[in-house]
Structure formats: structure tokens, C-alpha cells
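Going by this note's numbering, the first residue of the sequence shown is number 254, and it counts up by one from there.
The structure appears right after this line, and notes come after that.
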Amino acid sequence: MFELQSLKEGTISILDVRTVTKKFGELTAVNRLSFKVDPGRIFGIAGPNGAGKSTLYNLISGLYTFNGSILFNDREIRGLPPHDIAKLGISRTFQIPQTFPSLTVEKSIGVGNYFGSRDGFEASYVDTVLYLVNLAEKRYHPAKQLNLLDKKMLMIGAALATKPSILMLDEPMAGSNAKEILLLMDLIQRINQEMGITIIIIEHFMKVLTELTQELLIIETGTKICCGDPVKVTADPRVIDCYLGDGHD
Ligand SMILES: Nc1ncnc2c1ncn2[C@@H]1O[C@H](COP(=O)(O)OP(=O)(O)O)[C@@H](O)[C@H]1O
Ligand SMILES: [Mg+2]
Numbered sequence: 254m255f256e257l258q259s260l261k262e263g264t265i266s267i268l269d270v271r272t273v274t275k276k277f278g279e280l281t282a283v284n285r286l287s288f289k290v291d292p293g294r295i296f297g298i299a300g301p302n303g304a305g306k307s308t309l310y311n312l313i314s315g316l317y318t319f320n321g322s323i324l325f326n327d328r329e330i331r332g333l334p335p336h337d338i339a340k341l342g343i344s345r346t347f348q349i350p351q352t353f354p355s356l357t358v359e360k361s362i363g364v365g366n367y368f369g370s371r372d373g374f375e376a377s378y379v380d381t382v383l384y385l386v387n388l389a390e391k392r393y394h395p396a397k398q399l400n401l402l403d404k405k406m407l408m409i410g411a412a413l414a415t416k417p418s419i420l421m422l423d424e425p426m427a428g429s430n431a432k433e434i435l436l437l438m439d440l441i442q443r444i445n446q447e448m449g450i451t452i453i454i455i456e457h458f459m460k461v462l463t464e465l466t467q468e469l470l471i472i473e474t475g476t477k478i479c480c481g482d483p484v485k486v487t488a489d490p491r492v493i494d495c496y497l498g499d500g501h502d
């Protein structure tokens, strides 16, 4: 029935999360969560600290077992190991920038391209990514010498090195000033528009979410509060109650 509906509308979701539940002992971190992401979108996820947002990324990337189902391009990915999920085309960044400290910027992106891309290593693609994330001039710098913004750029570059069709970003703006936020927003828009990559972004800044995303999912204690047009969602009293009233702006 669902399949028929999406065929009729001509859109099969690139990601279809169906009643996913993840428990850590007594704690239900993700609770019967369902949502769909259309291809080509910038899809936002927000919710208070501890809502289960990063856990959701860990489930989609294959790091933990869970109940329910996650379809990527109509194919079940539950149970696949992380490197297979990455090879299929799902890539992500982490809340705290993770880089290989002693590798140079160029090698950090090259390694991802070598091991993660279905097409194998392509020097020209590595170069494209280096310019996109504005690190071409620092290509021979060790990652550990980079400032926080450049480390974030490198982490996004390394995630792009695998040539993903979905890029999942986990609070990319955290710790950034207003100018850096604009740079990151511009980068995310270019990745989406110029490279045709579907973006899922977890973010706290509502202004970023309403300006950048086309659809916004709000979760609280692992449960979906609502999902839809970002401007409508952020005006929803349930959202203001659980999230905006929580001291965030
Ligand atoms: N590996 C884990 N083991 C046990 N509890 C975890 C683990 N990862 C996350 N949690 C718990 O799950 C809940 C959701 O965490 P998280 O997904 O990091 O939230 P968010 O990213 O929305 O802030 C929190 O209560 C957190 O303490
Ligand atoms: Mg988190």
C-alpha cells in the first residue's frame, strides 16, 4: 500500500525509518520512531539534549542493533555492518570533530576516497572536495594543526570522500561564531545543490534549521513530536513546549 502510494507520487524515499526502537538497558533512547526523507532534500532533526538524535545516526550507520526497520533506496539496511552501509552511500560526521591527527588534510580525504568510494581512488575527486571545503591551501598540513572550523570542514570533506548519496551532519554549527555558521550553511547548501547529495542535519540553532531545511523532525526522549514544514513545526505549541521553552534559541 505504502509502496503503491509512493510509486504513484513518483517519489521513493531515499531513507525510510520504520518504527525504530533502541534501548540501552532500561533506557529507551529511540522509541518507535518513523519518518521518511525524500531524495535531494535538506532534512533537519532537532530536539533537547538526550532526545536520541545522535543515537539515531548511530543506528542508521550500523553501529548498534535495534528493533524496527531502516530502508535506504527501498533496501533494508538493518543488520549490515557500518562499512557496507558507508559503501552503499550513507556517510556521516560526528558531534565532536573526529580526524586522524597525524595525517595531512589531503591524505585524510584521500583515505576516505580510497576505502569508502565505490569508484576507488580518484585524485581529481579528492581535489574537488579539498576546494569545496576550502582546505586546498592547507592540503599538506597535519589535521591536528587545524583550528576547530577547519577540523569541521575536514570531517565534512572526509565524509564526502566516500561519494555518499546521503550526508548526515551531527550539530555541525556547535561552537561556531556567526561568521562560521554562515560559511557552514553555504557549504551545506553547495553540497546539496552542486553535488546533489541529500542532507540530514541535527542542529540546535532554529534559525539555521528554518533557513536551511525543507523538512524538520522534532524528537523528544526518542519519540517523534512532529515533522513537516520547518516554519510550521517551529511554531507548533508542542515543539515550543518541549524544546524552545527549554532555554534554546
Ligand atoms: N552507548 C550508549 N550506552 C548507553 N546509553 C546511551 C548510549 N548512547 C546514548 N545513550 C543515552 O541515550 C540517550 C540519547 O542520547 P543521544 O542520542 O546522544 O542524544 P542527543 O544526541 O539527542 O543529545 C541519552 O540518555 C544517552 O545518555
Ligand atoms: Mg547528540
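For every residue, glycine included, the Cβ atom is placed at its ideal position computed from N, Cα and C.
Can you tell me which of the three DSSP states residue i falls into?
| i | result |
| --- | --- |
| residue 445 | helix |
| residue 269 | strand |
| residue 357 | strand |
| residue 344 | strand |
| residue 491 | helix |
| residue 334 | coil |
| residue 390 | helix |
Please work out which residues of its chain come closer than 6 Å, Cβ to Cβ, to residue i, disregarding the five sequence neighbours upstream and downstream, and give them in chain order.
| i | result |
| --- | --- |
| residue 411 | 361, 362, 365 |
| residue 298 | 306, 455, 470 |
| residue 491 | 478 |
| residue 502 | Annotation note: pLDDT 45 at residue 502 (below 50); position unreliable, no value reported. |
| residue 281 | 475 |
| residue 422 | 346, 454 |
| residue 327 | 265 |
Given residue i, which residues of its chain have a CB within under 8 Å of its CB, disregarding the five upstream and five downstream residues?
| i | result |
| --- | --- |
| residue 323 | 268, 269, 270, 271, 273, 312, 313, 329, 330, 331 |
| residue 427 | 348, 457 |
| residue 500 | Below a pLDDT of 50, predicted positions are generally treated as unreliable, and residue 500, at 47, falls in that range; the measurement from the model is reported next regardless. No residues qualify anywhere along the chain. |
| residue 351 | 408 |
| residue 319 | 273, 274, 275, 283, 312, 331 |
| residue 462 | 297, 299, 454, 456, 469, 483, 487 |
| residue 254 | Only weak support exists for where residue 254 lies, its pLDDT of 44 falling under 50; the value from the coordinates is given anyway. Within the same chain, residue 254 has no close Cβ partners at all. |
| residue 396 | 352, 353, 354, 355, 356, 357, 358, 361, 404, 407 |
In chain order, what residues of the same chain lie with their CB nearer than 7 Å to the CB of residue i, ignoring the 5 residues before and after it?
| i | result |
| --- | --- |
| residue 264 | 291 |
| residue 406 | 386, 387, 388 |
| residue 424 | 348, 455, 456, 457 |
Q: Please determine if the stretch 274 to 284 and the stretch 304 to 312 are in contact, where contact requires at least 3 C-beta pairs separated by less than 8 Å.
A: The answer is yes - the stretch 304 to 312 touches the stretch 274 to 284, with three or more Cβ pairs under 8 Å.
Q.
So if I measure from each beta-carbon to every heavy atom of ligand 1 and keep distances below 5 Å, which residues remain?
A. Those residues are 277, 282, 302, 303, 304, 305, 306, 307, 308, given in chain order.
Q | Complete alpha helix (DSSP H) runs within the stretch 398 to 484 (minimum length 4 residues, chain order) | A | Fully enclosed alpha helix (DSSP H) runs of 4 or longer: 401 to 413, 431 to 447, 459 to 465.
Q) Does the count of Cβ pairs from the stretch 477 to 490 and the stretch 276 to 293 closer than 8 Å reach three? A) Counting C-beta pairs with one atom in each stretch, the stretch 477 to 490 and the stretch 276 to 293 have three or more that are closer than 8 Å, which means they touch.
**Q.** Runs of alpha helix (DSSP H) lying entirely within the stretch 261 to 325, each at least 4 residues, in chain order
**A.** Within the stretch 261 to 325, the complete alpha helix (DSSP H) segments at least 4 residues long are 306 to 313, listed from N- to C-terminus.
Q. If we count Cβ pairs, one from each stretch, closer than 8 Å, do we get three or more for the stretch 330 to 346 versus the stretch 399 to 417?
A. Taking 8 Å as the limit for Cβ pairs, the verdict is that the stretch 399 to 417 does touch the stretch 330 to 346.
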